[in-house]
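Top to bottom, those sequences are chains A and B.
Residue numbering for the first sequence is 1 to 75, as defined by the numbering used here.
Residue numbering for the second sequence is 76 to 293, as defined by the numbering used here.
Every residue, glycine too, gets a C-beta built ideally from N, C-alpha and C.
Please read all numbers here as calculations on a predicted model, not as lab measurements.
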Amino acid sequence: MLDKVKQVVSATTGISLADVRDDASAESIETWDSATQINIVAAVEEEFGVRFTDDELVAAISIPAIIGVLKRLSP
Amino acid sequence: MPGKKPKLEVIVAGLDGARTAADLHQLLICQSPLTRLGPWFLADVYYDCLIGLGLGNIILANVDGETAGFITYTLDTKTFLSEVARRRWATLAAVAKQMWRKPLTTAATVIQSALIVLRQNAEPGAEIRGEFLTMGVVDRFRDPAFIRASGISVAKSLIRAAQAEVAAGGGQNVKLFTLANAVGPNALYTMMGATKRWSGMVRGVNANYLVLPTTRQR
């Protein structure tokens, strides 16, 4: 799960996969902003077949937070 | 985007930026009640008073010399309208004269906007002096493809610059309102460290009330 999320973050933010840390966030990656966030969540939803609520989309602004939502949503 | 990376410049524009801010406000924040009053009101009244009276300022972002976005803030929401009335009575008289010739709905919007400003004093969080008033980024510069290729987030840069200006003016926090269903802006301010204090009807729309520290707590 972590590797797939990191791949999504890498592809969406333009940061090389090697530079995306496990705890990467919108604070540590400059190109992770609001428009990027919507794309990250859309890609994660497609990858894992889940649907984030608006509140989850707003709050899931780091890889650990995205993983947290995915763990809650995954069967 | 091969070759040279675009260059971002963030400047506190002062009165020189009033016209640009008015144009961008008109273009980018079409749902704002103030927008319905037209560029003349935004430039010659709203932004002219905000900056001319020293109650706030405009920060512009340029990318390779092209205007990419703006943010406006005030250091003292509470006294904005009373200061305008006290020190710019001639401007208000000119507004009244303009209203006389405009449809009733326009005049109603002006009155509604004035009441909104006055009502803020009674809102929770009114003790926080600084407020981000308006912000917008030109579509092309908030396209994820541009951000990815350039490494530039105009929105984040504008917010950081405004935080620094409010901090320099003695403000530890700023308040701001976002539309409750606007996930992009709500995510953006959360990224910058804002916390939601409450949601509810504000100024006639369902809004979130956010508080943003001017220096990041770690």
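Sequence-distant Cβ neighbours of ASP23 (chain A) in its own chain, meaning closer than 8 Å and more than five residues away, are SER62, ILE63 and PRO64. Contacts between ASP218 (chain B) and chain A, judged by CB atoms closer than 9 Å, involve ALA35 in chain order.
Any Cβ of chain A closer than 8 Å to the Cβ of PRO288 (chain B) would place that residue at the interface, and such an atom is absent.
When DSSP reads this structure, TYR148 (chain B) sits in a beta bridge with B:ASN132 and B:PHE207. For ALA169 (chain B) and PHE116 (chain B), the gap between their C-alpha atoms comes out near 10 Å.
Using a CB distance below 7 Å, the part of the stretch 22-50 of chain A facing chain B consists of ALA26, GLU27, GLU30, THR31, ASP33, SER34, ALA35, THR36, GLN37, ILE38 and ASN39, ordered along the chain. Taking 8 Å as the cut-off, the Cβ atoms of ILE133 (chain B) and PHE145 (chain B) count as close. With a 10 Å radius around the Cβ and a threshold of 16 neighbouring Cβ atoms, LEU102 (chain B) comes out exposed. Taking 8 Å as the cut-off between beta carbons, the residues of the stretch 248-266 of chain B near chain A are ASN256, VAL258, GLY259, PRO260, ASN261, ALA262, LEU263, THR265 and MET266, in sequence order.
DSSP places LYS250 (chain B) inside the beta strand (DSSP E), whose first and last residues are 248-254.
Residue burial annotation: THR36 (chain A) is buried, with at least 16 other C-beta atoms found within 10 angstroms of its C-beta.
Its Cα nearest to that of ALA143 (chain B), the residue B:SER228 stands out among B:THR270, B:SER228 and B:ALA269. Residues of the stretch 50-70 of chain A with a C-beta less than 8 Å from any C-beta of chain B: ASP54, LEU57, VAL58, ALA59 and ILE61, listed in chain order. In this structure, DSSP gives GLY275 (chain B) an extended state, which the three-state scheme calls strand. One finds THR12, THR13, GLY14, THR31 and THR36 in chain A with Cβ atoms closer than 8 Å to the Cβ of ARG223 (chain B), taken in chain order. Distances from the alpha-carbon of LEU17 (chain A) to those of A:VAL50, A:ALA26 and A:LYS6 put A:LYS6 closest. In the three-state scheme derived from DSSP, where H, G and I count as helix and E and B as strand, SER157 (chain B) is classed as helix. Note on LYS250 (chain B): 16 or more other CB atoms within 10 angstroms of its CB, so buried under the neighbour-count rule. Look at SER228 (chain B): its C-beta is under 8 Å from a C-beta on chain A. Within chain A, the residues whose beta carbon sits less than 7 Å from that of LYS231 (chain B) are GLU30 and ASP33, listed in sequence order. Residue state for VAL212 (chain B) is assigned as strand, using DSSP reduced to three classes. By the Cβ criterion, the stretch 52-61 of chain A is not in contact with the stretch 83-94 of chain B, since fewer than three pairs of Cβ atoms, one from each stretch, lie closer than 8 Å. With a threshold of 16 other beta carbon atoms within 10 Å, ASN137 (chain B) meets it and is buried. Just so you know, the alpha carbons of SER28 (chain A) and ALA243 (chain B) end up roughly 24 Å apart.
Secondary structure at VAL286 (chain B): strand, using DSSP grouped into helix, strand and coil. The beta carbon of LEU135 (chain B) lies closer than 7 Å to those of ILE86, ALA88, GLY92, THR95, THR142 and PHE145 in the same chain, with the five residues before and after it left out.
Going by DSSP, LEU125 (chain B) is part of the alpha helix (DSSP H) stretching over 123-127.
In the three-state reduction of the DSSP assignment, THR110 (chain B) falls in the helix class. Scanning its chain for C-beta atoms nearer than 6 Å, with the 5 sequence neighbours on each side dropped, one finds around TRP32 (chain A) the residues THR13 and ALA26, in chain order. Assigned with DSSP and collapsed to three states, SER62 (chain A) falls in strand.
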